[in-house]
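Data block below; observations after.
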Ligand code: SRM
Ligand SMILES: Cc1cc2nc3c(=O)[nH]c(=O)nc-3n(C[C@H](O)[C@H](O)[C@H](O)COP(=O)(O)OP(=O)(O)OC[C@H]3O[C@@H](n4cnc5c(N)ncnc54)[C@H](O)[C@@H]3O)c2cc1C
Ligand SMILES: Cc1cc2nc3c(=O)[nH]c(=O)nc-3n(C[C@H](O)[C@H](O)[C@H](O)COP(=O)(O)O)c2cc1C
Ligand code: SF4
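Residue numbers (the numbering used here), protein chains in the order written: chain G, 37 to 646; chain H, 16 to 572.
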């Protein structure tokens with residue numbers, strides 16, 4: 037750090053300082069001069085209108101008026117990217133610039149060459165894979181015969197989780213490929229970690245400024261400034277509960293639905309919803325705002341020997357340390373920044389070594405099995421309250437697929453929650469959200485919101501067949517799907533593929549599926565229970581077994597859905613599907629892959645994996 | 016003639032008991048069988064059950080009941096070799112719930128077998144030359160025969176008759192081999208059933224052979240019975256008994272326990288023909304519309320004994336002679352070593368409620384397995400849920416005694432007559448028909464009754480107590496001096512006044528008692544008995560004599 041030319045600057049938090057570095061890194065002299073000018077203007081602007089900090093460009097500047105429009109694209113699985121993209125869109129409009137916000141799924145990549153300015157917010161999923169709504173878009177760019185994009189200016193915000201080996205892989209890929217194709221960066225890519233906010237704000241500001249410059253400079257000289265034709269954004273109904281505005285729901289039931297001798301405690305959680313404000317559809321997820329269990333907070337406090345009542349100020353807010361750790365910071369999940377800070381503080385060579393990129397898989401293992409207190413115990417270091425709070429990520433809401441349809445469940449929403457409850461060195465550890473959902477007394481109120489997932493929906497056409505692959509809690513949305521289709525009187529057939537360990541212990545909603553079979557609402561039920569026989573059997577094995585039928589269903593126009601574990605299940609299932617299409621469709625693996633790609637494009641192959 | 020019962024259709028359409036069993040067993044989405052197949056399974060010797068202890072819990076968990084299978088072996092005369100014992104022991108550990116259940120009809124039951132292990136179980140049994148064919152369902156069941164008669168040379172003969180009779184009345188269908196033993200699939204129509212016909216019998220049909228003076232099989236409780244007549248050491252023939260049965264339904268006077276009638280005498284060689292005649296008469300005249308009224312006892316009660324005998328004689332082509340004299344001394348087992356007529360020894364072990372398991376201080380399953388490893392004779396399961404180590408050479412006794420005491424296999428025997436002779440049916444958690452506990456509750460209840468006996472200075476008196484979890488009477492409670500018949504959880508009907516020879520039914524004394532009132536009732540009566548009993552007079556006889564159980568006159572025994 038000390039070698040850093042910026043180190044001596046007035047008190048920028050290390051966080052912001054890092055951002056600034058990132059921002060300036062690799063800028064050519066021209067851009068740097070531009071930035072300095074822009075910064076100066078900005079300073080003047082803020083001096084004039086201090087209240088308007090968050091949206092510095094509301095006050096129309098006499099300077100250049102926009103003449104072309106900015107296109108904001110998002111590649112988003114769980115909505116973070118979509119939200120940032122929409123905010124950017126609003127900011128652009130507020131700045132009097134024309135903008136449209138589109139999902140990469142709905143955007144015709146072919147028209148990229150005609151674009152003038154594109155902002156892309158892209159998250160990464162799976163193991164460094166694009167979100168499903170971006171697969172086609174990424175393929176298009178990656179293709180050898182992808183068009184040149186000399187006319188295009190762009191900036192990328194990559195969303196990711198630094199605890200994964202391939203941090204922000206997708207955003208990175210898009211950013212680099214666009215450059216290769218001749219497009220011009222108007223700002224360095226920003227990689228945002230799980231606390232998206234930390235970087236999204238700056239990126240938006242930077243982008244609006246960039247857009248202003250771009251579009252202005254694009255205005256042919258002499259021509260009188262025209263006002264922008266602003267394409268209206270998809271309105272996000274403010275009445276509805278959203279991540280930024282969760283509403284109170286009542287937990288009215290948390291019934292265990294695995295047998296007493298099951299390895300895993302899975303709960304059927306019933307939430308009673310308020311009158312309005314909480315419209316969900318099968319396929320959506322519900323976000324639950326939780327607090328860390330007191331026991332976990334206490335363990336962390338004891339370990340760090342910090343005073344719970346000590347007031348700590350961060351991001352402009354002041355709370356006691358206990359308040360920070362209970363309701364405002366992640367103390368269960370470990371983030372990479374925390375690891376980096378810990379490495380420095382503890383001076384642990386071992387930890388430093390593990391942070392090396394080539395050992396990231398190993399690190400991921402550590403992250404998946406340790407909670408913050410366990411980590412701090414393993415790598416002792418002195419902590420001040422403020423430093424600790426700063427090192428930890430903001431506490432994120434947890435998402436749960438809706439397991440019901442309002443047509444059936446009325447004013448309830450059902451969730452299927454696998455409780456994270458395990459032992460670490462003989463001591464009990466729990467996942468804050470799942471554990472609380474499993475243990476709170478019925479009658480308790482908690483804050484929740486709907487996380488819409490428009491890509492994961494029953495087809496509008498009730499005559500379409502559905503193939504639903506959902507092992508474990510992945511079956512949750514399909515319970516909602518089936519309820520919905522039955523209520524709609526849909527005539528299409530349903531095929532459910534479920535998997536677990538033991539039929540007698542963790543066959544989630546077994547009675548309901550059996551009932552549906554009896555009533556012919558479920559045409560097929562394939563199950564794979566890995567530990568009921570000598571050799572392990574998984575859902576992908578069943579898909580191969582019944583490949584012929586599966587393929588003929590697809591040929592008949594069936595819609596294919598996959599939900600559940602992203603790390604192993606989703607890729608294995610995808611591979612199995614390729615096999616099935618190749619074998620029974622007499623295709624090469626490449627063509628089979630393309631076939632599935634087309635299904636995804638046609639919104640007939642949707643995944644909701646986590 | 017009213018509608019045939021649904022079971023009749025299932026049997027008729029089953030293609031020789033095949034139905035869709037194979038497919039049902041293979042269905043991976045459930046631990047159960049298709050409804051009709053579950054019915055058919057019985058005729059293959061197995062019952063679909065669920066663990067009732069977790070039934071409600073699982074319903075709330077949206078999980079199906081914990082489906083399990085009870086498997087009942089066909090063991091004519093209750094005889095099995097030491098090798099077979101070891102095979103059975105292995106199955107209990109590997110596929111069942113780690114226990115063996117000796118039944119009141121001289122065989123073994125496994126409990127808690129998962130659907131996925133049914134085939135393996137049948138295969139393992141088959142490898143040990145044991146099957147389970149027709150041990151349940153509307154057919155002639157496991158044929159039982161006195162096992163405490165090992166002292167008489169006639170016994171070997173009787174046991175042989177039991178085997179032959181069982182084989183003779185076995186269904187001919189190969190479905191069993193096809194489904195469980197991967198025998199080749201039948202093409203075309205099912206095998207003909209010369210004895211049974213396509214719909215088998217209207218109801219279960221039970222056969223027992225008793226060798227006086229022991230009536231351990233409770234011959235009068237069976238549809239068809241033979242009382243061996245042994246004259247100066249030779250088996251000269253049998254007295255025929257017909258129309259016994261104990262099952263009843265609470266509050267349905269049209270159902271009742273009934274003692275078999277003595278129908279006449281026949282020479283040994285006529286046994287198969289007569290048995291078949293009795294069976295086919297019931298096949299043709301039994302009630303196939305109302306299963307509660309379908310046992311042979313009702314056919315005879317409705318049409319009269321003379322009609323029945325005439326029909327049987329016509330079919331068997333012989334005249335029955337007048338019954339020969341016989342005398343039963345007891346329907347219990349004798350414990351400890353008994354000398355056999357051939358100088359070999361027999362040791363009957365007391366197994367409360369027939370449950371053989373490894374309990375921490377009583378490793379009985381292992382103990383008996385250990386004995387089976389050194390024992391060169393055979394084992395005999397008794398109709399009182401006990402087991403006899405039979406045919407032991409003088410020289411081998413010590414080693415067996417050693418194993419008996421090291422595994423505390425003699426623990427229950429020391430309990431005195433009440434504990435030695437008491438019976439309890441299985442009931443909860445496996446029996447779907449149970450209304451109250453039996454097997455699991457018996458030990459506690461016996462403790463309380465013993466306290467009463469001591470209080471009245473009656474400790475150690477012979478007293479027969481039998482309890483069941485419902486009125487079906489599986490532990491033959493209607494023949495006990497004290498019969499407790501489950502009515503609701505914790506509540507029992509108190510029956511009193513049986514003899515200890517299986518020749519007199521007891522009568523309902525009080526209904527729906529829970530433990531308190533039940534013990535009070537017994538306390539009073541035992542008090543009176545202690546004060547007023549005659550020499551050697553048994554509790555059951557005393558109650559009749561002193562008319563403490565109504566005005567009824569005790570039938571001359
Ligand atoms: C295991 C055993 C009791 C025991 O503790 O030993 C038994 C257990 C059952 N009996 Fe029994 N019966 C057993 C001897 C008897 C006897 C005693 C006898 O035959 O000497 C009787 C009374 C005599 C008679 O048959 O009348 C008996 C009369 C019944 C009945 C009533 C029949 C009737 O005519 O009403 C049923 C219910 C039915 O058949 O509908 C029944 C049904 C059952 C079932 C299979 C319940 C069912 O139908 O689902 C029980 C299985 C419980 C379990 O979990 O194992 N069991 N059952 C006996 C097995 C004998 C064998 O090896 O075959
Ligand atoms: C779109 C979406 C839909 C989802 N739908 C569902 C759903 O329908 N049902 C459902 O149950 N979940 C669902 N999830 C996952 C859910 O959101 C939570 O991630 C999950 O419940 C865990 O949260 P938690 O707070 O209980 O525990 P976390 O805070 O995630 O876990 C705490 C920490 O414990 C450690 N840990 C966790 N498990 C173990 C273990 N077995 N061994 C050792 N260490 C461990 C890890 O370090 C982890 O960081 C979904 C997620 C997404 C993104
Ligand atoms: C199943 C799953 C896999 C993920 N894999 C990666 C990954 O490989 N690399 C990464 O940087 N982030 C990964 N992430 C983190 C997401 O990119 C991050 O949560 C992001 O904020 C999601 O943005 P979105 O809601 O727009 O999809 C993963 C998240 C999930 C749920
Ligand atoms: S008597 Fe009733 S409860 Fe007992 S085993 Fe027989 S059927 Fe079951």
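Think of the CB as a built atom: it goes at the ideal place given N, C-alpha and C, for glycine as much as any other residue.
Note that the coordinates shown come from a computational prediction; the quantities given were computed from them, not determined experimentally.
Residue i: CB within 7 Å of a non-hydrogen atom of ligand 1
i	result
residue 367(H)	no
residue 519(H)	no
residue 127(H)	no
residue 266(H)	no
residue 122(H)	yes
Burial state of residue i, where buried means 16 or more other Cβ atoms lie within 10 Å
i	result
residue 198(H)	exposed
residue 370(G)	buried
residue 661(G)	An answer regarding residue 661(G) cannot be provided, because it is not within the stretch 37 to 646 covered by chain G.
residue 62(H)	buried
residue 137(G)	buried
residue 472(H)	exposed
residue 14(G)	It is not possible to answer for residue 14(G), since the shown part of chain G is limited to 37 through 646.
residue 555(G)	exposed
residue 569(G)	exposed
residue 91(H)	buried
residue 249(H)	exposed
residue 316(G)	buried
Sub-8 Å separation of residue i and residue j beta-carbons
i	j	result
residue 292(G)	residue 303(G)	yes
residue 45(H)	residue 98(H)	no
residue 148(H)	residue 265(H)	no
residue 413(G)	residue 339(G)	yes
residue 519(G)	residue 444(G)	yes
residue 365(G)	residue 406(G)	no
residue 401(H)	residue 317(H)	no
residue 507(H)	residue 500(H)	yes
residue 255(H)	residue 278(H)	yes
Assigned secondary structure, residue i (DSSP; H/G/I helix, E/B strand, else coil)
i	result
residue 639(G)	coil
residue 203(G)	coil
residue 141(H)	helix
residue 192(H)	helix
residue 105(G)	strand
residue 589(H)	Residue 589(H) is absent from the structure shown; chain H starts at 16 and stops at 572.
residue 306(H)	helix
Chain G within 8 Å of residue i, Cβ atoms only
i	result
residue 553(H)	no
residue 44(H)	yes
residue 50(H)	no
residue 79(H)	yes
Chain H within 8 Å of residue i, Cβ atoms only
i	result
residue 452(G)	no
residue 540(G)	yes
residue 551(G)	no
Cβ-heavy atom distance, residue i to ligand 4, below 7 Å
i	result
residue 446(H)	yes
Cβ-heavy atom distance, residue i to ligand 3, below 7 Å
i	result
residue 202(G)	yes
Next on the checklist: Against chain B, which members of the region 283-311 of chain G pass a CB distance test of less than 8 Å?
Outcome noted: Protein chains in the displayed structure are G and H, and chain B is not among them.
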